[in-house]
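Residue numbers (the working numbering): 788 to 1210.
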Ligand code: AMP
Ligand code: GLY
């Protein structure tokens, strides 16, 4: 079997490593992949948004199955385009990927089907939004409708910040046409949980829960990033809460999408806030999370390739999806300055004995050497019996990796550990 993976970050590296456990897969092609994957896949410099390029490459190389991992190609219809030429693919079609591609769509879906989420208003006119904000409860949350590289959410703690946010998104078009419409929503409080779930459009099988750390600096300070580290399982997500989420959120969402004629197949990401009034959806993503995948997939005991094919074939109900009861921690090593300006191109040293624990997100491979090439450079994952051991093990491995300008958070999992000690 020849498998193609669209995308090139740490998430894709974790997916590729897991796929390699299936012995029927003989070749994995990553588009664009990155130099750090050179032992696991053939990286080809075709961008994840180049849908025609991806389809042509898949046809020319007789690819049997494709995995489309990032949001952009999914929203652009990469799965539809591959299916059209007879190549089955993991991930939702464009009509279902809209659940992430448009926040207005997802909020309206939740309202229509009674799925718990923050109260909200939609605006297509900046003046109306500015008028509304004069008397709106503060803090408030302003969200650009479309994709915005994970930066389209602004939490305003004062009315002035809210006004600035509306102006920058709607009038100055900070996120381009993604800000033509905005959602202004109620500010929710509580622990956040990420739950990824496999679904074939009818059956939904949630994966182990996780916790992301989005801010750049220790103590949840600094700018929002793509994610600086994760732990799994998330201690706040008890069995009772999991049951409630299954009944009130996961199953209703899958059914709602089916009723709308937008059957969702692939991995649906539920970003949840455990409020004092119960769990509520803060966001849906139409894909695996990054770096959630780097802690979730190492805990998967079942065969990822079989599960992926079952989501495509509609046979997920008969497919085993089993997770280990261990704990995992992933620490992201980034380039100093990320998520703003940073320098890279520095030689990297990753000892061979820990290579299998490292998921590379941004690196070049030249003349037998790896060089940093990105904001997030790599993730280091450790799996162990307890959360504490998982965290310590991940940081031990981090100490063994060397490249100039490296920086990472020192407190990944600290909050979760406190929660387990409070129990
Ligand atoms: P997103 O880009 O949708 O992942 O949102 C980024 C972050 O903003 C989330 O992880 C939450 O921490 C926060 N957030 C989003 N919506 C809300 C909300 N309604 N109330 C409080 N925080 C929120
Ligand atoms: N880690 C958050 C995301 O993948 O969107």
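We put the beta carbon where it would ideally sit given N, CA and C, even for glycine.
Note that the structure is predicted; figures quoted are calculated from it, not measured.
Asked: Which parts of the segment 924-1002 are runs of the beta strand (DSSP E), unbroken and 3 residues or longer, counting only runs that do not cross its ends?; Found: 927-931, 940-943, 969-973, 979-986, 991-993
Asked: Would you check whether ligand 2 has a heavy atom nearer than 6 Å to the C-beta of residue 989?; Found: no
Asked: Can the beta-carbon of residue 1086 be found closer than 7 Å to that of residue 1115?; Found: yes
Asked: By Cβ distance, which residues of its chain are closer than 6 Å to residue 885, with the 5 residues on each side in sequence left out?; Found: 892
Asked: Can you list the residues near ligand 2, meaning Cβ strictly closer than 6 Å to any non-hydrogen atom, in the order they appear in the chain?; Found: 937, 999, 1014, 1072, 1076, 1077, 1079
Asked: Just reading off the beta strand (DSSP E) that residue 1010 is part of, what are its end residues?; Found: 1008-1011
Asked: Of all the options 999, 1036, 1013, 1200, which has the alpha carbon lying nearest to the alpha carbon of residue 992?; Found: 1036
Asked: Just the Cα atoms here: how many angstroms apart are residue 998 and residue 1206?; Found: 12 Å
Asked: Let me check understanding here. Comparing Cα to Cα, which of 990, 1017, 1034, 1182 lies closest to residue 1094?; Found: 990
Asked: Does the Cβ of residue 1067 have 16 or more other Cβ atoms within 10 Å, making it buried, or fewer, making it exposed?; Found: buried
Asked: Among 1118, 1190, 1127, whose alpha-carbon lies nearest the alpha-carbon of residue 1182?; Found: 1118
Asked: Spatial neighbours of residue 825 within its chain, please: C-beta separation below 7 Å, excluding the five flanking residues on both sides.; Found: 1152
Asked: Use the C-beta contact count for residue 1081: other C-beta atoms within 10 angstroms, 16 or more gives buried, fewer gives exposed.; Found: buried
Asked: Starting from the C-beta of residue 851, find all residues in its chain whose C-beta is less than 6 Å away, skip the five residues before and the five after it, and write them out in chain order.; Found: 788, 789
Asked: Can you tell me whether residue 944 is buried or exposed, with buried defined as 16 or more other CB within 10 angstroms of its CB?; Found: exposed
Asked: Count Cβ pairs between the segment 946-963 and the segment 922-934 that sit closer than 8 Å; are there 3 or more?; Found: yes
Asked: Going by DSSP, which residues form a beta bridge with residue 830?; Found: 817
Asked: Out of 958, 812, 909, 881, which one is the CA nearest neighbour of residue 1052?; Found: 881
Asked: Using a Cβ-based criterion (distance less than 6 Å to any ligand heavy atom), does residue 1069 qualify as near ligand 1?; Found: yes
Asked: Does the separation of the CB atoms of residue 855 and residue 861 fall below 7 Å?; Found: yes
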